[in-house]
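Chains as they are written, first to last, in this note's numbering: chain W, 51 to 136; chain B, 51 to 136; chain A, 51 to 136; chain E, 51 to 136; chain Z, 51 to 136.
We put the beta carbon where it would ideally sit given N, CA and C, even for glycine.
Everything numeric in this text was worked out from a predicted model, so none of it was measured.
What follows is a set of notes on a single structure, which appears directly below.
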Amino acid sequence: MLAAKVIDNIWATRKAESLVGLKFMLVEVLGGVDAGRLIIAVDTIGAGFGERVLVCTGSSARRMLGRDDVPVDAAIVGIIDEDCLF
Amino acid sequence: MLAAKVIDNIWATRKAESLVGLKFMLVEVLGGVDAGRLIIAVDTIGAGFGERVLVCTGSSARRMLGRDDVPVDAAIVGIIDEDCLF
Amino acid sequence: MLAAKVIDNIWATRKAESLVGLKFMLVEVLGGVDAGRLIIAVDTIGAGFGERVLVCTGSSARRMLGRDDVPVDAAIVGIIDEDCLF
Amino acid sequence: MLAAKVIDNIWATRKAESLVGLKFMLVEVLGGVDAGRLIIAVDTIGAGFGERVLVCTGSSARRMLGRDDVPVDAAIVGIIDEDCLF
Amino acid sequence: MLAAKVIDNIWATRKAESLVGLKFMLVEVLGGVDAGRLIIAVDTIGAGFGERVLVCTGSSARRMLGRDDVPVDAAIVGIIDEDCLF
Chain W
51 MLAAKVIDNI WATRKAESLV GLKFMLVEVL GGVDAGRLII AVDTIGAGFG ERVLVCTGSS
111 ARRMLGRDDV PVDAAIVGII DEDCLF
Chain B
51 MLAAKVIDNI WATRKAESLV GLKFMLVEVL GGVDAGRLII AVDTIGAGFG ERVLVCTGSS
111 ARRMLGRDDV PVDAAIVGII DEDCLF
Chain A
51 MLAAKVIDNI WATRKAESLV GLKFMLVEVL GGVDAGRLII AVDTIGAGFG ERVLVCTGSS
111 ARRMLGRDDV PVDAAIVGII DEDCLF
Chain E
51 MLAAKVIDNI WATRKAESLV GLKFMLVEVL GGVDAGRLII AVDTIGAGFG ERVLVCTGSS
111 ARRMLGRDDV PVDAAIVGII DEDCLF
Chain Z
51 MLAAKVIDNI WATRKAESLV GLKFMLVEVL GGVDAGRLII AVDTIGAGFG ERVLVCTGSS
111 ARRMLGRDDV PVDAAIVGII DEDCLF
């Protein structure tokens, strides 16, 4: 997983039918040589702007949705505790 | 997913039989440290040149086509709303 | 797999239900042009801070957990021997 | 997929039994920030040196071979038309 | 696949049970913009130090082991012929 910060919502009215109802967030990878990489991740946890999150990518991201038929390759799977320093 | 801009069509007359009839678009990744990365993605949504799209990669891209037997690793899964600023 | 050094714990109280009980470690990739890349990996082996570990990524990381339904894309699969120089 | 140029053959007499009979080509990624990345891809289409090809990577590359048991992570899936400018 | 050079053994006494008996090699990616990237790959072919090998990554690497339950994301699948210049 990657540590990332939620920086914005992404709105896409025209999209795959299987994606309707999902919330898309723009997240920015934190730390290390990948810092600043932007990913659009599905959020089912309710992350807020500025929160640090765990982002899971690839086929594993579909596991977050509990179904295997959605074209999703990144999902927020956890919110890093505020007092977790790293 | 990645945010990208549609910049061109890609034509390939000789290709895998399972790809016949699919539309290939050249997209350029937007923002972050991956900005400028080029990907060729299948489009089933009808994205136009200059539009900003959500691109799904890896095995999840095959979910966009509703079949698992196609050699496709990138697909446009949504079109970002024009008034979505990020 | 990647060689990486364990540098910290990651705490996420709010997370996917399937992740409850798993230990998350921040690891830093060692050597080569990826040196300094940060990954958050699940640890089921009991790696300690400062230890060098083998990190497996992608769908293969789920094999470390013996179940395929968890949204995990990185796992510590081994601890590199202290006297293994490279 | 990636756009790449075929630049050489790769010969490997000692290899996995399931790879016997497959043709391996060295391709160089074209354009964008990945330009110059080298990939060894299986070719079942008959691409020639200097031709621009579509390369599919990851699990989707196995779909090109119509079997799921081969250790192949990159395959040429199409040849870009000569008059396709991008 | 990637072309890489075998540069060392990696020893990990504590590891996943399913990895016991496998040989791990440190390989360095050759050529292109990824040159110098280090990967730890399972070797079942008997590659020697200094040899140039084909490395398969991701889920396809598990195909080299003939089983799908091992947490392995990179495997040596062939040895590039000595007289193959590229």
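Item, Value
"Provide the residue(s) that pair with residue 102/Z in DSSP beta bridges, ordered along the chain.", "55/Z"
"On the CB-based measure, 16 or more other CB atoms within 10 Å of its CB, does residue 63/W come out buried or exposed?", "exposed"
"Does residue 125/Z have its Cβ less than 8 Å from a Cβ in chain E?", "yes"
"Go through its chain and collect everything with a Cβ distance to residue 120/B's Cβ below 7 Å, but skip five positions before and after it.", "68, 69, 112"
"Closer than 9 Å by beta-carbon distance: list the chain E residues that pair up with residue 95/Z, in chain order.", "64, 65, 66"
"Nearest-angstrom Cα distance between residue 51/E and residue 106/E?", "5 Å"
"Please confirm whether residue 92/W and residue 74/W have their CB atoms less than 8 Å apart.", "yes"
"Check the Cβ-Cβ distances between residue 130/B and every residue of chain W, and say whether any is below 8 Å.", "yes"
"Buried or exposed for residue 135/W, please, with buried defined as at least 16 other CB atoms from any protein chain shown within 10 angstroms of its CB.", "exposed"
"How about residue 97/E and residue 80/E: are their beta carbons less than 8 Å apart?", "no"
"For a test of the three-state rule: what should DSSP assign to residue 9/A, helix, strand or coil?", "Outside the displayed span of chain A (51 to 136) sits residue 9/A, for which this structure offers no information."
"What do you reckon, are the CB atoms on residue 49/W and residue 108/A nearer than 8 Å?", "With chain W represented from 51 up to 136, any question about residue 49/W goes unanswered, as that position is not in the structure."
"Taking residue 113/A as the query, report the chain Z residues whose CB atoms sit under 7 Å from its CB, ordered along the chain.", "119, 120, 121"
"In its own chain, which residues sit with a C-beta less than 6 Å from the C-beta of residue 127/A, not counting the 5 before and 5 after it?", "104, 106, 114"
"Measure the CB-CB distance between residue 78/W and residue 82/B and report whether it falls below 8 Å.", "yes"
"In the DSSP assignment, find the unbroken alpha helix (DSSP H) run with residue 111/B in it and report its ends.", "109-113"
"How would you call residue 90/B, buried or exposed, if buried means at least 16 neighbouring beta carbons within 10 angstroms?", "buried"
"Mind checking which residues open and close the beta strand (DSSP E) that includes residue 93/Z?", "88-93"
"Which partner residues does residue 79/A have in the DSSP bridge list?", "54/A"
"Is residue 78/B a contact residue of the ligand COA, with contact defined as CB to any heavy atom under 7 Å?", "Of ligands this structure carries none, so the ligand COA is not represented either."
"For residue 123/A, count the other beta carbons within 10 Å of its own beta carbon; 16 or more makes it buried, fewer makes it exposed. Which is it?", "buried"
"Using alpha carbons as the reference points, say which of 57/B, 61/B, 55/B, 56/B lies closest to residue 133/E.", "61/B"
"Are there 16 or more other CB atoms within 10 angstroms of the CB of residue 95/A, so buried, or fewer, so exposed?", "buried"
"Where residue 59/W and residue 76/W are concerned, what is the direct C-alpha to C-alpha distance, given to the nearest angstrom?", "6 Å"
"When the Cα atoms are used, what is the spatial distance from residue 129/A to residue 117/A?", "22 Å"
"In chain A, what lies closer than 7 Å to residue 76/Z by C-beta?", "136"
"Quick one: is residue 110/A near chain W, going by C-beta distance under 8 Å?", "no"
"For a test of the three-state rule: what should DSSP assign to residue 120/A, helix, strand or coil?", "coil"
"For residue 70/A and chain Z, any beta-carbon pair shorter than 8 Å?", "no"
"What does a CB cutoff of less than 7 Å around residue 56/Z pick up in its chain, not counting 5 residues either side in sequence?", "75, 77, 97, 98, 99, 100, 101, 103"
"Run through the DSSP bridge pairs and tell me what residue 126/A is partnered with.", "93/A, 105/A"
"Since residue 74/B sits in a beta bridge, which residues does DSSP pair it with?", "60/B, 92/B"
"So, for residue 88/Z: in the same chain, excluding its five sequence neighbours on each side, which residues have a beta-carbon less than 7 Å away from its beta-carbon?", "76, 78"
"Just how far apart, CA to CA, sit residue 131/A and residue 65/Z?", "10 Å"
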